[in-house]
């Protein structure tokens, strides 16, 4: 039995898991299409059921992803309406994040203690908000390419050249960020290694909160919630499941990214 | 009760007739507005000549080699865009493939990925210059003569898509398609900034964590 604090609700975890799954599907089907003129891309497309199936999947999952994103935005707005936009628990950037970043940089250089992070560190906030930049761009350009003739009624036809480039470039940026930075900070960093289970279980052990998010621990103590943390029994099967899922995702992502980087050096984003 | 049914039927019948009559008024409206509705959906460049045979005031578009205004093909190959046969007089044209002389054009996504042959868009012999008045590639009819053969409902706007898109990073793109070029520059620097910044941050944090963990253990 360990004492834990609630970090993510069931709905938060659902949004994360569905984003993770749809993102990987879009990555695999998108890269297969993009590099179908190479042996690797062709093998990927064949493995995923052929070009037509890959296209249909990419369209369908893209629409699902957009709807999930809109649902998340609606949910976040409602929740913010109840709670307010700012404060220690908020994901909105504040001056404190700039200070924390400065403190951490000094710490990396060997001067002074690390930042006393709150509930959301500045990089976690960036992870969260990056989706708000990437999703609209990918959704709008994706819809334009999906219905290119209809889109040309509202935009000039040459904007399809730009949409097509933006869709690829933004997807590459998102995959580079998620597969390198986000995976690393979330799971491979020494203090998170071998896998940070919080996004899957929703609960963070009090020791971890104390160690990684001391300012959040202070807040919880001040509110008298520290001792109320749930007592969670260890669940080895659940742990095995999320470890497998997590590592499968990391491995898929890195596999896609490495092949992409090799092919991109050779032929760009054609 | 027996006599009631036909009477009811008649009432319903009259009511239906009345409604149909009313909807007929709406239909009349539509007919009266047909031109406007048609304009809203017409897939046209909006360019119409008042007479059909020769373009008015656009003499420069109809340059036949015989007219000699631009010189014989051997005198210089520029301006072939306005010839009725862009390959007129080019030696060995008949025995070579398009890709051999137009390698950049062969890199088009339609060719590489869509697996189209050049002639599916450019048509049979003679291949008119893009800007030749009667060329199917002339923007005033390109959408209908070329694109709509495969892209159902393609309009003039759709046909402004650049099939032979210049490479995004090239000088050609900078001069010929600046919005694409600057989109590329923007995304490139965004990618470098975001990935550079956060990779360095992640590496720094990880190294520092390793060091302090080692210290804590010893």
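Chains as they are written, first to last, in my numbering: chain A, 1 to 270; chain B, 271 to 488. Where a beta carbon is used, it is the ideal one built from N, C-alpha and C, also for glycine.
Closer than 8 Å to chain B by CB, residue i
i                      : result
residue 35 of chain A  : no
residue 185 of chain A : yes
residue 317 of chain A : Outside the shown range of chain A, which is 1 to 270, sits residue 317 of chain A, and nothing can be said about it.
residue 71 of chain A  : no
residue 156 of chain A : yes
residue 162 of chain A : yes
residue 149 of chain A : yes
residue 181 of chain A : yes
residue 169 of chain A : yes
residue 20 of chain A  : no
residue 152 of chain A : yes
residue 40 of chain A  : no
residue 173 of chain A : yes
residue 14 of chain A  : no
residue 250 of chain A : no
residue 257 of chain A : no
residue 8 of chain A   : no
residue 166 of chain A : yes
Chain A contact for residue i (CB, 8 Å cutoff)
i                      : result
residue 454 of chain B : yes
residue 382 of chain B : yes
residue 435 of chain B : yes
residue 407 of chain B : no
residue 369 of chain B : no
residue 288 of chain B : no
residue 386 of chain B : no
residue 372 of chain B : no
residue 412 of chain B : no
residue 451 of chain B : no
residue 480 of chain B : yes
residue 476 of chain B : yes
residue 427 of chain B : yes
residue 483 of chain B : yes
residue 431 of chain B : yes
residue 416 of chain B : no
residue 441 of chain B : no
residue 376 of chain B : no
residue 364 of chain B : no
residue 421 of chain B : yes
residue 278 of chain B : no
residue 438 of chain B : yes
Where residue i sits in the DSSP three-state scheme
i                      : result
residue 269 of chain A : coil
residue 305 of chain B : Interpretation of residue 305 of chain B is limited by its pLDDT of 48, a score under 50 that renders its predicted location unreliable; the figure taken from the coordinates is listed afterwards. Reduced to three states, the DSSP call for residue 305 of chain B is helix.
residue 453 of chain B : helix
residue 18 of chain A  : helix
residue 361 of chain B : coil
residue 231 of chain A : strand
residue 4 of chain A   : strand
residue 204 of chain A : strand
residue 97 of chain A  : helix
residue 253 of chain A : helix
residue 33 of chain A  : helix
residue 447 of chain B : coil
residue 273 of chain A : In the structure displayed, chain A extends from 1 to 270; residue 273 of chain A sits before or after that span and is not available.
residue 149 of chain A : helix
residue 223 of chain A : coil
residue 370 of chain B : helix
residue 111 of chain A : coil
residue 121 of chain A : coil
For residue i, the residue or residues it bridges with in DSSP
i                     : result
residue 28 of chain A : BP columns for residue 28 of chain A are empty, so no partner.
Distance cut-off 7 Å: residue i Cβ against heavy atoms of ligand 1
i                      : result
residue 169 of chain A : The model on display carries no ligand, and ligand 1 is accordingly not part of it.
Item to check | Any 3 or more C-beta pairs closer than 8 Å across the region 131–145 of chain A and the region 170–179 of chain A | outcome: yes
Item to check | Chain-ordered residues of the region 461–474 of chain B with a beta carbon less than 8 Å from chain A | outcome: 461, 464, 465, 468, 469, 471, 472 and 474
Next on the checklist: Quick check: the region 378–396 of chain B against the region 430–441 of chain B, are at least 3 beta-carbon pairs closer than 8 Å?
Outcome noted: yes
Next on the checklist: For the structure I just gave you, are there three or more beta carbon pairs, one from the region 214–228 of chain A and one from the region 29–48 of chain A, closer than 8 Å?
Outcome noted: no
Item to check | At least three beta-carbon pairs within less than 8 Å, the region 84–93 of chain A to the region 54–68 of chain A | outcome: no
Checklist entry - On the three-pair Cβ rule with 8 Å, is the region 17–30 of chain A touching the region 247–266 of chain A? => result yes
Checklist entry - Quick one, which residues of the region 188–215 of chain A are near chain B if we go by CB-CB under 7 Å, in chain order? => result 189, 190 and 191
Next on the checklist: Could you check whether the region 176–184 of chain A touches the region 447–455 of chain B, counting it as contact only if at least three pairs of C-beta atoms, one from each stretch, sit closer than 8 Å?
Outcome noted: no
Checklist entry - Any residues in the region 91–110 of chain A with a beta carbon nearer than 9 Å to a beta carbon of chain B? Which ones, in chain order? => result 101, 104, 105, 107, 108, 109 and 110
Checklist entry - If you measure beta-carbon to beta-carbon, which residues of the region 116–135 of chain A are closer than 9 Å to chain B? => result 123, 126 and 130
Item to check | Stretch-stretch touch, CB-based, cutoff 8 Å, three pairs: the region 363–376 of chain B with the region 404–412 of chain B | outcome: no
Next on the checklist: Does the contact criterion of 3 or more C-beta pairs under 8 Å hold for the region 143–150 of chain A versus the region 419–430 of chain B?
Outcome noted: yes
Checklist entry - Three or more C-beta pairs closer than 8 Å, one from the region 382–395 of chain B and one from the region 106–122 of chain A: is that the case here? => result no
Next on the checklist: Residues of the region 387–405 of chain B in Cβ contact with chain A at a cutoff of 8 Å, in chain order, please.
Outcome noted: none
Checklist entry - When the Cβ atoms of the region 68–79 of chain A are set against those of the region 38–56 of chain A, are three or more pairs found closer than 8 Å? => result no
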